[in-house]
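Have a look at the structure below before the remarks.
2 protein chains.
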Amino acid sequence: MAGTQVNTAVEETLDPDDWAELRALGHQMVDDLLDYLRTVRERPVWRPIPAELRARFRVPAPRAPEGAERAYHDFREHVLPHPMGNIHPRFWGWVIGTGTPFGALAEMLAAGMNPNMGGGDHLPNQVEAQVLDWCKEMLGYPATASGVLVSGGSMANLVGLAVARHARAGFDVRSKGVRHAAGPLTVYGSSEMHSSVRKAVELLGLGSEALRLVPVTSEFELDLSALERMIAEDRAAGCQPICVVGNAGTVNTGAFDDLGVIAALCQRERLWFHVDGAFGALAALVPEYQGRLAPMAMADSLAFDLHKWMYLPFEAGCTLVRDADTHRRTFSLTPDYLAHAERGLAAGELWFSDYGIQLSRGFRALKVWMSFKEHGLDKYARLIRQNIEQARYLAGLVRNAPDLELMAPVPLNIVCFRYRAAGCDDTTLDALNQELLIQLHEQGIAVPSNALLGGRFALRVAIVNHRSRREDFDLLVGEVRRIGKELRESEK
Amino acid sequence: MAGTQVNTAVEETLDPDDWAELRALGHQMVDDLLDYLRTVRERPVWRPIPAELRARFRVPAPRAPEGAERAYHDFREHVLPHPMGNIHPRFWGWVIGTGTPFGALAEMLAAGMNPNMGGGDHLPNQVEAQVLDWCKEMLGYPATASGVLVSGGSMANLVGLAVARHARAGFDVRSKGVRHAAGPLTVYGSSEMHSSVRKAVELLGLGSEALRLVPVTSEFELDLSALERMIAEDRAAGCQPICVVGNAGTVNTGAFDDLGVIAALCQRERLWFHVDGAFGALAALVPEYQGRLAPMAMADSLAFDLHKWMYLPFEAGCTLVRDADTHRRTFSLTPDYLAHAERGLAAGELWFSDYGIQLSRGFRALKVWMSFKEHGLDKYARLIRQNIEQARYLAGLVRNAPDLELMAPVPLNIVCFRYRAAGCDDTTLDALNQELLIQLHEQGIAVPSNALLGGRFALRVAIVNHRSRREDFDLLVGEVRRIGKELRESEK
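For the record, the sequence lines run as chains G and W. The first sequence begins at 755 in the numbering used here and counts up by one. The second sequence begins at 755 in the numbering used here and counts up by one.
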């Protein structure tokens, strides 16, 4: 009977004691969250966190249960009222997407099923494969390419550059390491390139000194003759150029490098061509941009985000690689305990862990799949165009205001401008616009971020927001002029 | 009037036309998902995917909207019935956590608020800081340490090893690259170490040849004298040892390296001490294991997962680093457009992007914070102990069965065993157990995975499952014996 006794020992679980109670709480969460999103326009974009609220998040870990209701209550009372603001129609800071209500619901379903997307023969992996195929289709990338969903643009660039290093080192860099190279393995991209490329180059052990920042034209596009010259000089100096990064939409101004010419140059020079298309690649959904972006199809690897200009909740980035085999050989590593089987769960063709850094991976594909189905790509195309048109509209408002100055061309969805007052020098204007930006945040009006362009401080409005309306840009311009005038007058 | 006309142009959004309809759909999702989780025990753990179902995930991207209801319907009909299985009480494959219903609801809230956790002064960042403090507290790690939530164990090890490389290269490896080193930068860990360490070493450009696999004892623990000898030999050969990786729970058998002795050796040899505590670190919640794990506090960096033995939904890993400044200096990179401000959203102390690879980061902290509050740490401690006791219980069942053989010690939550038939040689047993494992999957009975131990194929049961009961292990043993016998008889 001892055995029986052991078997009936009280065993616990993290499942609820009362499923009906949790169901009611779940309904309330849905109600509260949808109300919160429906009414977001009525609230300030952002507001400062009171000191006493910060103190609530400096307490010891709970040993005893507080219960689901209490945990949710604390979220609703203390966390929810102080969002970053990027769900608000007047958030245009950095390049931060908005998310959608349906995307949030899909995340619940993904976490409920909770598959490990590292590999194995289960349906969620089929969903990711489907989403990757859809991404190739919508960006005009070859259907035979491989791909992997990643956490975002930084990881997407890292994966692309890791494949570049593997493919172009000229030796087995996985086993020998970077030290084995005869000369520095150099990487090229414009001075407007995103900092995540530098982070990737550093992480890969190449050293940021091996990252060449190519000058840009007055349109903030990579200067191609400078690129050619730098490659030639580096080769002459004993370096080993391996990769050029082309920008499809730079972070500061949304500029496009001439991808076709870079692709041809890379082919000539036998260099890996990586495109950082963080948000700009998605402009390929809009017919007017398809010509400029068509050469993306020639990229050896292509990095972009779905949580930026596809408006999905975090995290959803993607790397596509033209040569699937090279992609797999960069990362694949199958120890005994991860052996793929012929049948059963450990069978199947889809082992995404062979195509990236993660072994355990979440089901981020589900929100993409469900959202693409919900809206259809044509609607995303219209919304991306809407954001581009809003940028042009804002640029027009800036041009028409005597006290505002446009600081860069507006080729896409980013507008850089500043408040300008007669008789102010640039240094004064830098300080004034810096304070103006902070007041826009503090007053909860809008959240632009900033850019330094030619050394000058600019307000930077990057529109990847499906909730923005033209009236929001009218309001922004009115408020910038009001605060600018107030700041100017308070100085006198 | 032209201006007015432009302002009233029809602008679209991805928000629902009818919020009440989406609310009703959200309620249905909650109901369906909770029912699905409540009844998971009644279904097979896993089942093969029919070919016609796979074909449904090979279609062109939807251009026109299918609508939220249809997208959800397709999920429920086609995706939900074919999970990986790790939510099931009899899933013990690899080391894959279960998730919880409340964790899934928290993910919806996180995706609804959708903050970018890369930085900025908003409350979600305070939640992550709080969660990191709680992790330090529960693992006995110094409160002054820095930390960052990451996607999982692979990324947690990568972050730790990146800091190790930065701290111990002896030169500015970020700018100079690995090539600048006088000799190979070598890393040490036992032959039982997880493959993600090799992946990290490769990615960091050190080369897998610089990763030294130290032999293990019969208990699968790192052989300390071998480690000392290898370091001395490497130094004599012109290598530059930088880091030792200690295992707190190896992937194959759950063995613990002697962390205290390794810590002392690292101090003596001025090496970085990284602990891979993927799941084993969490045993520190259980008093009996605290002595063995106390030396984790001496680690320079500590990697572990919350989506494994804290039962949270994917993705939730963590790296803690003893010296916060070194951690920050490994990753911090602040271009103009990411400049931190004095006030406003771009102010604040919490810039997690300075502590890892990601710039855009999701709100994975919320599910951790809410779940810790829901249950309290004491309950997690009881569940971890419950899993350990279940492993001992299973080991007992194996020991008592004449046709089963325990293949390794059971120091923690992992049981490696095989079906054994009189008169069979090892090669026959390897094939028999391999088929047996597949049939366990195919018949939907249970999902163990496998290990190769001393070259022999073992069924491997890793218990990080809050739904498992002792009766599940009774069933497993009965079915293994039944299938083993059937396979044996069919051979005759």
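Where a beta carbon is used, it is the ideal one built from N, C-alpha and C, also for glycine. Quick caveat, the model's predicted, so the values are computed rather than measured.
Item: Under the three-state DSSP convention, the category Asn868(W) falls into; Value: coil
Item: CB-CB length for Phe845(G) against Val799(G), believed under 8 Å; Value: 6 Å
Item: Per DSSP, cross-strand counterpart(s) of Trp1026(G); Value: Cys997(G)
Item: Min CB distance His1269(W) to chain G below 7 Å; Value: Residue 1269(W) lies beyond the stretch modelled for chain W, which goes from 755 to 1246, so this question has no answer here.
Item: Ser900(G) at chain W interface by Cβ criterion, 7 Å; Value: no
Item: Rounded separation between Ser950(G) and Ile850(G) - CA only; Value: 15 Å
Item: Residue-level contact to chain G via CB, Phe1227(W), 7 Å cutoff; Value: no
Item: Selected residue, minimal CA-CA separation from Arg1214(W), among Gln1112(W), Asp1157(W) and Gln1188(W); Value: Gln1188(W)
Item: Min CB distance Ser1086(W) to chain G below 7 Å; Value: no
Item: DSSP state of Val760(W) mapped onto helix, strand, coil; Value: Confidence is the limiting factor: at Val760(W) the pLDDT is only 42, short of 50, which leaves the residue's position unreliable, though a coordinate-based value still follows. Helix, per DSSP.
Item: Rounded C-alpha distance that separates His1061(G) from Gly853(G); Value: 7 Å
Item: Chain B within 7 Å of Asn868(W), Cβ atoms only; Value: Looking for chain B here will not work: the only protein chains present are G and W.
Item: Closest residue to Ala921(G) among His1081(G), Gly1008(G), Ala1185(G) and Tyr895(G) (Cα-Cα distance); Value: His1081(G)
Item: DSSP state of Gly1238(G) mapped onto helix, strand, coil; Value: helix
Item: Residue from Ala818(G), Ala1009(G), Val1234(G) and Arg1139(G) with nearest C-alpha to Leu1039(G); Value: Arg1139(G)
Item: Any chain G beta carbon closer than 7 Å to Thr940(W); Value: no
Item: Proximal chain G residues relative to Thr767(W), where beta-carbon distance stays under 7 Å; Value: His1220 and Arg1221
Item: The segment 1063-1081 of chain G: positions lying closer than 7 Å to chain W by Cβ; Value: Tyr1065, Pro1067, Phe1068 and Glu1069
Item: Cβ shell of Val1122(W) (< 7 Å), same chain only, five flanking positions each side left out; Value: Val885, Leu1060, Leu1066 and Ala1070
Item: Short CB-CB distance (under 7 Å) between Leu859(G) and chain W; Value: yes
Item: CA-to-CA distance, Thr1088(W) to Arg1076(W), given in whole angstroms; Value: 23 Å
Item: Beta-ladder partner(s) of Trp846(W), from DSSP; Value: Pro1202(W)
Item: Residue from Asn1204(G), Tyr826(G), Cys997(G) and Ala1048(G) whose Cα sits closest to the Cα of Arg1022(G); Value: Cys997(G)
Item: Any C-beta of chain W under 7 Å from that of Met755(G); Value: Low local confidence applies: a pLDDT of 32 at Met755(G) is under 50, so the model's placement there is unreliable, with the coordinate-based value given in what follows. So no, Met755(G) is outside the interface.
Item: Contacts around Asp1132(G), its chain only, beta-carbon distance under 7 Å, and the 5 residues preceding and following it disregarded; Value: none
Item: C-beta neighbour in chain G for Thr758(W), strict 7 Å; Value: Only weak support is given to the placement of Thr758(W): the predicted model assigns it a pLDDT of 36, under 50, and the value that follows is read from those uncertain coordinates. No, Thr758(W) lies away from the interface with chain G (no Cβ there is under 7 Å from its Cβ).
Item: DSSP three-state assignment for Ala1212(W), whether helix, strand or coil; Value: strand
Item: Range of the contiguous beta strand (DSSP E) that encloses Cys1170(W); Value: Ile1168 to Tyr1173
Item: Boundaries (first-last residue) of the beta strand (DSSP E) holding Thr1058(G); Value: Looking at the sequence itself, residue 1058(G) is Phe, so the reference to Thr does not match. Run containing Phe1058(G): Ser1055 to Asp1059, per the beta strand (DSSP E) assignment.
Item: Spatial neighbours of Leu1183(W) in its chain, beta-carbon cut-off 7 Å, leaving aside the 5 residues before and after; Value: Arg1172 and Arg1174
Item: Cα-Cα separation between Val881(G) and Phe811(W), rounded to whole angstroms; Value: 7 Å
Item: Alpha carbon of Val955(W) to alpha carbon of Gly914(W), nearest angstrom; Value: 11 Å
Item: Assigned exposure category for Gln759(W) - 16 Cβ within 10 Å defines buried; Value: At Gln759(W) the pLDDT is 40, less than 50, meaning the model places this residue with poor confidence; the figure from the coordinates comes in the next sentence. The residue is exposed, with fewer than 16 neighbouring Cβ atoms inside 10 Å.
Item: Ser944(G) in three-state terms, based on DSSP; Value: strand
Item: Three-pair Cβ contact test at 8 Å for the segment 1137-1155 of chain W versus the segment 937-949 of chain W; Value: no
Item: Members of the segment 820-831 of chain G near chain W, C-beta cut-off 8 Å; Value: Glu820, Gly821, Ala822, Arg824, Ala825, Tyr826, Asp828 and Phe829
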